[in-house]
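In the UniProt record's numbering, the protein residues as written are 1 to 379.
Okay, here's the thing in structure tokens:
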């Protein structure tokens with residue numbers, strides 16, 4: 001129990017809370033006139049001007065409920081419970097103040113563990129004060145308490161779901177780093193093996209053919225420089241020390257394997273390659289293949305009523321461009337939905353090599369994945 005309390009108390013805030021969106025301003029624009037309208041239509045309010053002023057004046061606190069959840073909750077509950085009891089001897093009875101339920105939700109969704117514990121204490125004290133002053137019966141207490149519990153639980157559920165998704169996204173990105181590190185490992189191993197063979201040949205011919213030994217040294221120098229570049233890339237990619245399976249990376253030439261004639265339930269896949277595809281960095285070749293493979297897999301699985309998937313790879317002096325397009329209905333992601341793990345993995349792989357990867361629906365029909373990678377990978 002002590003460990004649970006300590007973990008709750010030390011829980012940090014969720015990262016990057018939204019500051020303000022258009023819905024917040026719309027909510028304020030609706031609640032303020034609603035509070036004024038309630039004051040006009042309810043002559044039974046004992047302190048009408050005070051209650052309407054408090055209800056309307058506290059509405060702007062909703063604009064800071066995500067960035068300062070504890071402060072906004074404390075302001076609202078102190079002003080609506082403690083001050084009215086001290087001034088009038090009664091609590092406020094404005095229905096519009098129901099918007100305050102958003103504040104406990106925001107506290108559990110965006111607050112730190114310390115803020116949640118402190119804010120819960122403020123809410124309980126304010127609720128107890130209202131019960132004592134109004135002499136409320138037990139049934140009148142259970143209902144509001146259940147609503148408050150449901151609101152805070154909802155905030156906790158959304159917080160947990162967001163945290164779980166962030167952990168899954170981190171896992172996907174880590175997997176991409178491991179796969180890229182495998183490919184880079186194979187390249188470095190190739191360079192080192194070439195250096196060892198050339199060094200042995202140079203030693204064997206040094207006495208009889210000095211020119212051959214000098215040529216071997218020049219080759220070793222070039223291979224060493226390339227190996228160092230690839231090793232620097234490995235250091236940039238690896239963020240954590242995790243074992244990886246050392247399997248060979250893919251090459252652009254293997255993209256032809258993705259082509260298929262299609263059938264009654266699967267679209268045809270057409271592969272076209274153009275430009276200077278020789279001399280590309282092995283890590284770039286592997287990344288192009290993996291991104292194309294993931295994009296084709298997504299199109300075949302998710303593109304509704306698609307008949308064709310086009311894969312086009314073009315290279316020039318500076319970059320390699322990949323475009324995968326299908327002619328399905330609406331693509332593979334609902335409008336407004338967060339990107340899937342496949343799309344995130346493709347973007348992460350491209351970013352690690354200094355490139356970009358963008359996926360989204362076409363204006364008329366279908367879904368397109370476009371990636372641009374520098375020929376030599378990240379500098």
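We put the beta carbon where it would ideally sit given N, CA and C, even for glycine.
Next on the checklist: With a threshold of 6 Å on Cβ separation, who are the neighbours of residue 294 within its own chain once the five nearest residues in sequence on each side are excluded?
Outcome noted: 342, 346
Next on the checklist: Going by DSSP in three states, residue 240 sits in which element: helix, strand or coil?
Outcome noted: Confidence is the limiting factor: at residue 240 the pLDDT is only 44, short of 50, which leaves the residue's position unreliable, though a coordinate-based value still follows. Residue state, collapsed to three classes: coil.
Item to check | Euclidean distance between Cα positions of residue 163 and residue 156 | outcome: 10 Å
Checklist entry - Given residue 28, which residues of its chain have a CB within under 7 Å of its CB, disregarding the five upstream and five downstream residues? => result 59, 60, 62, 63
Checklist entry - Cα separation between residue 101 and residue 43? => result 25 Å
Item to check | Cβ-based neighbour list, residue 131, same chain, cut-off 8 Å, excluding 5 preceding and 5 following | outcome: 141
Next on the checklist: Which of the three DSSP states is assigned to residue 368 in this structure?
Outcome noted: strand
Checklist entry - Are the CB atoms of residue 45 and residue 69 nearer to each other than 7 Å? => result no
Item to check | Sequence-distant residues of its chain with Cβ nearer than 6 Å to residue 337 (five each side left out) | outcome: Confidence at residue 337 is low in this model, with a pLDDT of 47, below 50, so the placement of that residue should be treated as unreliable; the coordinate-derived value is given next. Closer than 6 Å at the Cβ level, and outside the excluded window around residue 337, lies no residue.
Item to check | Of the residues 285, 311, 112, 208, the one placed nearest residue 12, counting alpha carbons only | outcome: 112
Item to check | CB of residue 270 within 7 Å of CB of residue 310, strictly | outcome: yes
Item to check | DSSP bridge partner residues for residue 356 (one or two, in chain order) | outcome: 372
Checklist entry - Near residue 8, which residues of its chain fall below 6 Å by C-beta distance, leaving aside the five closest residues on each side in sequence? => result 113
Next on the checklist: Using only CA atoms, which one of 314, 51, 31, 329 lies nearest to residue 308?
Outcome noted: 329
Checklist entry - Who are the Cβ neighbours of residue 323 in its own chain at under 7 Å, not counting the five residues just before and after it? => result 312, 368, 370
Checklist entry - alpha helix (DSSP H) containing residue 302: first to last residue? => result 282 to 302
Checklist entry - Which same chain residues, not among the five before or five after residue 314, have their C-beta less than 7 Å away from its C-beta? => result 274, 275, 321
Next on the checklist: Taking the straight line between their C-alpha atoms, what separation do you get for residue 292 and residue 192?
Outcome noted: 30 Å
Next on the checklist: Please state the DSSP three-state secondary structure of residue 324.
Outcome noted: strand
Next on the checklist: For the beta strand (DSSP E) containing residue 270, name the first residue and the last one.
Outcome noted: 268 to 275
Item to check | Pair within 7 Å by beta-carbon distance, residue 85 and residue 117 | outcome: no
Item to check | Helix, strand or coil at residue 332 according to DSSP, with G and I counted as helix | outcome: Because residue 332 sits at a pLDDT of 47, beneath the cut-off of 50, its placement in the model cannot be relied upon, and the point is left open.
Item to check | Coil, strand or helix - residue 260 by DSSP | outcome: strand
Checklist entry - How about residue 391 and residue 103: are their beta carbons less than 7 Å apart? => result Residue 391 is absent from the structure shown; the chain starts at 1 and stops at 379.
Item to check | Buried versus exposed, by CB contacts within 10 Å (16 or more), residue 258 | outcome: buried
Checklist entry - In its own chain, which residues sit with a C-beta less than 8 Å from the C-beta of residue 99, not counting the 5 before and 5 after it? => result 27, 31, 59, 62
Item to check | Coil, strand or helix - residue 11 by DSSP | outcome: coil
Checklist entry - So residue 296 packs on residue 252, CB below 8 Å; how close in whole Å? => result Not quite, the Cβ-Cβ distance comes to about 14 Å (not below 8 Å), so this is no contact.
Next on the checklist: Less than 7 Å between the beta carbons of residue 17 and residue 80, yes or no?
Outcome noted: no
Checklist entry - By the 10 Å Cβ neighbour count, where 16 or more other Cβ atoms means buried, how is residue 96 classified, buried or exposed? => result buried
Checklist entry - Per DSSP, residue 46 is paired with what? => result Answer is none; residue 46 lacks a bridge partner.
Next on the checklist: Just to confirm before moving on: does the CB-CB distance between residue 77 and residue 150 stay below 7 Å?
Outcome noted: no
Checklist entry - Using a beta-carbon distance below 7 Å, is residue 373 in contact with chain E? => result The chain inventory of the structure shown lacks chain E, comprising one protein chain alone.
Next on the checklist: Here's the rule I'm using: 16 or more other beta-carbon atoms within 10 Å means buried, otherwise exposed. How should residue 139 be labelled?
Outcome noted: exposed
Item to check | Cβ-Cβ separation, residue 326 to residue 359 (assumed contact under 8 Å), whole Å | outcome: Contact doesn't hold; Cβ gap of about 11 Å is too wide.
Checklist entry - Which of the three DSSP states, helix, strand or coil, is assigned to residue 21? => result coil
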